[in-house]
Amino acid sequence: MPSQSEIIEALQMEHFYLADAINGTGDPAFTITYQFEDSVPDDDFSGLTGWSAWTNAEKDAVLAALTHIETFLNVDF
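Laid out in structure tokens, this is it:
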């Protein structure tokens, strides 16, 4: 029976093990910044219509997911 770490390694892409890590376990959390757009971004050249701003419920769902990710990944959002 494979170990938990062997299963996780088998499910991840090889690049994960070949790339240089942004930070390690003993390093301070890596800060990732983001924003919720409230109007069509200036760099949106897609020409698509129907753009809408994030609703509060959508923002809350994303924030909950990011908060959860912070519990197991060495990052701060």
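Residues 3 to 79 (the working numbering) are what the sequence shown spells out, left to right.
For every residue, glycine included, the Cβ atom is placed at its ideal position computed from N, Cα and C.
Alpha carbon to alpha carbon, what distance is there between residue j and residue i?
| i | j | result |
| --- | --- | --- |
| E16 | V64 | 28 Å |
| F32 | L75 | 9 Å |
| G28 | E72 | 15 Å |
| T69 | V77 | 10 Å |
| T57 | Q37 | 13 Å |
| Q14 | S7 | 11 Å |
| T51 | V42 | 10 Å |
| Y19 | S5 | 18 Å |
Identify whether residue i lies in helix, strand or coil by the three-state DSSP scheme.
| i | result |
| --- | --- |
| V42 | coil |
| F32 | strand |
| D62 | helix |
CB-CB under 8 Å to residue i, same chain, minus the five flanking residues each way: which ones, in chain order?
| i | result |
| --- | --- |
| A55 | F38, E39, D40, S41 |
Whose C-beta lies closer than 7 Å to the C-beta of residue i among residues of the same chain, with five residues either side of it excluded?
| i | result |
| --- | --- |
| F79 | I34, Y36, L68, E72 |
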